[in-house]
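Laid out in structure tokens, this is it:
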């Protein structure tokens, strides 16, 4: 199971959910946090499968515009964010 929730969240800046994955979706098998899994007669399913989406995206309107390549880009960016040795890519200069 994935260590981090695999749901893509955020409207303006899509990114993977930061919460730890606590369980797997019984339909797609991806790991999700408590917030993105729901109980159903088929077991625990993710919000994307509940809404009939192919990709693990929380917002159905946004999901229609993302390709699998976009999802892979979000995952790579999320991996980069968790690597503190690389330093911050962006800084708050306020």
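In this note's numbering, the protein residues as written are 132 to 225. The beta carbon of each residue, even a glycine, is placed where N, CA and C say it ideally should be. If you're wondering where the values come from, they're calculated on a predicted model, not measured in any experiment.
- Exposure label - residue 178; buried when at least 16 CB within 10 Å: Within the chain shown, the letter at position 47 stands for residue 178. Under this definition residue 178 is a buried residue.
- Query: For the putative contact between residue 142 and residue 186, defined by C-beta atoms under 8 Å, what is the C-beta separation to the nearest angstrom?
  - Reply: Mapped onto the chain shown, residue 142 falls at position 11. Mapped onto the chain shown, residue 186 falls at position 55. At roughly 15 Å, the Cβ-Cβ gap does not stay under 8 Å, so residue 142 and residue 186 are not in contact.
- Task: Could you tell me which residues DSSP pairs with residue 162 in its beta bridges?
- Result: Position 31 of the chain shown, counted from the start, is the residue given in the question as residue 162. 155, per the DSSP bridge assignment.
- Task: Give every residue of the same chain whose Cβ lies closer than 8 Å to the Cβ of residue 155, excluding the five residues on either side of it in the sequence, and list them in chain order.
- Result: As a working note, residue 155 is residue 24 in the chain shown. Within the same chain, residue 155 has close Cβ partners 132, 161, 162, 163, 175.
- Message: Given a cut-off of 8 Å on the beta-carbon distance, is the pair residue 146 and residue 205 in contact?
- Response: The sequence position of residue 146 within the chain shown is 15, counting from 1. The sequence position of residue 205 within the chain shown is 74, counting from 1. Yes, the pair counts as a contact, with Cβ atoms nearer than the cut-off.
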